[in-house]
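Novice: Letter by letter, the sequence shown follows residues 260 to 658 of the working numbering.
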Amino acid sequence: MKRSSTSRNMVVTLNGTSIKKGIVVSFIVLFMTFLLSGILTSLKPEYRLTSSSINDLTRNIDSEAFLQLLGAENRFFSSALPEHAEPIKLSSIMFKVATSINPDDPRSLLGRELPGFSLFDSEIVVAGDGTNYTNMPYESPPPTEVLEQEREASITKNEAVNSGDEEPKAPPSLTTGDKKVVYIYNTHNTESYLPLLEGESDPNRAIHSKANVTIVSELLGKALQDEGIGSHVEKTDVQASLKQKGWNYAKSYTASRPIVESAMASNRNLNYMIDIHRDSQRKGVTTIKIGDKSYAKLAFVIGGDNPTADKNEKLAKDLHDLLEKKYPGLSRGIFEQGGKGYNGVYNQDLSKNAMLLEFGGVDNNLEELKNTVSAVADVFSEYYWQAEKVNGDSSAEKK
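1) Tell me which residues share the same chain as I743 and place their Cβ nearer than 6 Å to its Cβ, disregarding the 5 neighbours each side in the sequence.
2) Of all the options D637, A514 and A419, which has the alpha carbon lying nearest to the alpha carbon of T473?
3) Put V420 into one of helix, strand or coil per three-state DSSP.
4) Checking the sheet assignment: what are the DSSP bridge partners for E382?
5) Grab me the residues of K416's own chain with a C-beta within less than 8 Å of its C-beta, minus the 5 sequence neighbours each way, in chain order.
6) Return the Cβ separation of G619 and T513 in integer angstroms, given the expectation that the two are a contact with Cβ distance under 8 Å.
7) I443 lies in the alpha helix (DSSP H); which residues open and close that run?
8) Would you mind sorting E426 into buried or exposed? The rule is 16 or more other CB atoms within 10 Å of its CB.
9) Secondary structure at V472, three-state DSSP: helix, strand or coil?
10) Whole-angstrom Cβ separation of Y442 and A522, contact assumed at under 8 Å?
11) Answer with buried or exposed for N448, where buried requires no fewer than 16 other C-beta atoms within 10 angstroms of its C-beta.
12) Determine the burial state of N650: buried for a count of at least 16 other Cβ atoms within 10 Å of its Cβ, exposed for fewer.
13) Write down every uninterrupted run of the alpha helix (DSSP H) in the segment 531-608 whose length is 4 residues or greater and which is fully enclosed by it, in chain order.
14) Pairing CB atoms from the segment 609-627 with CB atoms from the segment 453-466, are three or more of them under 8 Å?
15) DSSP state of T434, grouped into three classes?
16) Give the straight-line distance between the Cα atoms of F639 and T393, rounded to the nearest whole angstrom.
17) Could you pull out every residue in the same chain whose Cβ sits closer than 6 Å to the Cβ of Q645, ignoring the five residues on either side in sequence?
18) Rounded to the nearest angstrom, how far is the Cβ of I593 from that of K576, given a contact under 8 Å?
19) Closer than 7 Å by C-beta to G458: which residues in its own chain qualify, once you throw out the five before and the five after it? Chain order, please.
Spelled out as structure tokens, the structure:
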């Protein structure tokens, strides 16, 4: 009887070990297949469709789970795990791989079932206060007839930028002199805000050829100049150029790209590229009160299909952290967008210091936008001069 019991225990142990080894081997084979497909796609672009499918499959497996599985066979991999790493759940991993559904993210199921839900198929890189998967930034193409029947603006760009209600600031202690180092432009330059349009209440019609997000660009350019940072605000009407070429709204970034490239080529001092947009979310998501002032919240958007996205992300994280310290809650966070339905690059491959900033949403008024512009200029100037100090750049002039 003892021998029979021992034999059964050995069989159970061996079977358990075999199953474990089988799973580990399967993941190793999957990993090697993914690695091989990556090499093949660099040599044969026509294989990219297969590579994309494999990538979609493996992205559902957490890196920590991979290490634990490999560590079961080779303890060397276990050394890279956090000290208090939770044991993996093989059933959960296999469910994710087999179904591409993440129980912790309902978008993975609903995104394929509900029309239009793919609008929210972005990733939250850094979540600001109150940010979740239900209130991420999104932009919807304007109805084609809106610009042809646009409402009268309640304020002109000149009135908005030169209203004269700002308190005079002391001259900056540091300045870039005659050098323009920041380039500000608007790919979706007709995006507007309902409070700027007389009698308009439909968020889908927050579009205007004059009273639009370019006002924010002008205000930011002026605010940076007050901080001693030379900036160039692009005047080209990208959407008019788009229409002239007969292109649809989805090609907006294709239309703005040569404009940015031309500016960079004509002025080598331009080191920061800021594309300013307006989000389509409503006031409750895009507004915050800090002290006695109301602000239009800010969102950083990273192009997930940009091969150098990690560099753009670093800049966004640095600025987000500074905003959290000085204006807690103002930043909605950092969002990565890419894949089907998105441009996914946003011309951010042109510079490691390229940014896409969403200033507020359709309901934010001019006062809220001005307060946010002031905060962004304050934080950016702090970041800029610290970066110049670290880099040992002698281009700054003391007054």
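Glycine included, C-beta positions come from ideal geometry on N, C-alpha and C.
Specialist: Based on what the coordinates show:
1) Nothing can be reported for residue 743: it is not among the residues displayed for the chain, which extend from 260 to 658.
2) As a first step, residue 473 must be located in the sequence shown, where it is residue number 214. It is A419.
3) Locating residue 420 in the sequence shown gives position 161, where the first residue counts as 1. Here DSSP, grouped into helix, strand and coil, assigns V420 to helix.
4) Stepping through the sequence shown from its first residue, residue 382 is reached at position 123. Its beta-bridge partners are E595.
5) Residue mapping note: residue 416 aligns to position 157 of the sequence shown, counting from 1. Counting only Cβ-Cβ distances below 8 Å, and skipping sequence neighbours, we find K469, A470, T473, I474 and E477.
6) In the sequence shown, counting from the first residue as 1, residue 619 sits at position 360. In the sequence shown, counting from the first residue as 1, residue 513 sits at position 254. The beta-carbon separation of G619 and T513, rounded to 26 Å, does not stay under the 8 Å limit for a contact.
7) Within the sequence shown, residue 443 is the residue found at index 184, counting from 1. Careful: I443 lies outside any alpha helix (DSSP H), inside the beta strand (DSSP E) at V441 to Y444.
8) Counting from 1 along the sequence shown, the entry for residue 426 is found at position 167. Exposed is the call here.
9) On the sequence shown, residue 472 is found 213 positions in, with the first residue counted as 1. Looking at V472 - three-state DSSP - the assignment turns out to be coil, as it is neither helix nor strand.
10) On the sequence shown, position 183 is the one that residue 442 refers to. On the sequence shown, position 263 is the one that residue 522 refers to. Between Y442 and A522 the beta-carbon gap is near 5 Å, inside 8 Å, which marks them as a contact.
11) Taking the sequence shown and counting its residues from 1, one reaches residue 448 at position 189. The residue is buried, with at least 16 neighbouring Cβ atoms inside 10 Å.
12) Counting from 1 along the sequence shown, the entry for residue 650 is found at position 391. Residue environment: N650 is assigned as exposed (fewer than 16 neighbouring CB atoms within 10 Å of its CB, all protein chains considered).
13) Correct list: 542-545 and 568-585.
14) Contact between the segment 609-627 and the segment 453-466 is present, because at least three Cβ pairs lie under 8 Å.
15) In the sequence shown, residue 434 corresponds to position 175, counting from 1. Under the three-state reduction of DSSP output, T434 falls in the strand class.
16) Within the sequence shown, the letter at position 380 stands for residue 639. Within the sequence shown, the letter at position 134 stands for residue 393. Rounded to whole angstroms, F639 to T393 spans 29 Å at the Cα level.
17) Sequence index remark: in the sequence shown, residue 645 carries index 386 (1-based). Scanning its chain for C-beta atoms nearer than 6 Å, with the 5 sequence neighbours on each side dropped, one finds no residue around Q645.
18) Here residue 593 refers to the residue found at position 334 when the sequence shown is read from its first residue. Here residue 576 refers to the residue found at position 317 when the sequence shown is read from its first residue. The beta-carbon separation of I593 and K576, rounded to 6 Å, stays under the 8 Å limit for a contact.
19) Within the sequence shown, residue 458 is the residue found at index 199, counting from 1. Leaving aside the five residues that flank G458 on each side, the residues in its chain whose CB is nearer than 7 Å to its CB run, in chain order, R410.
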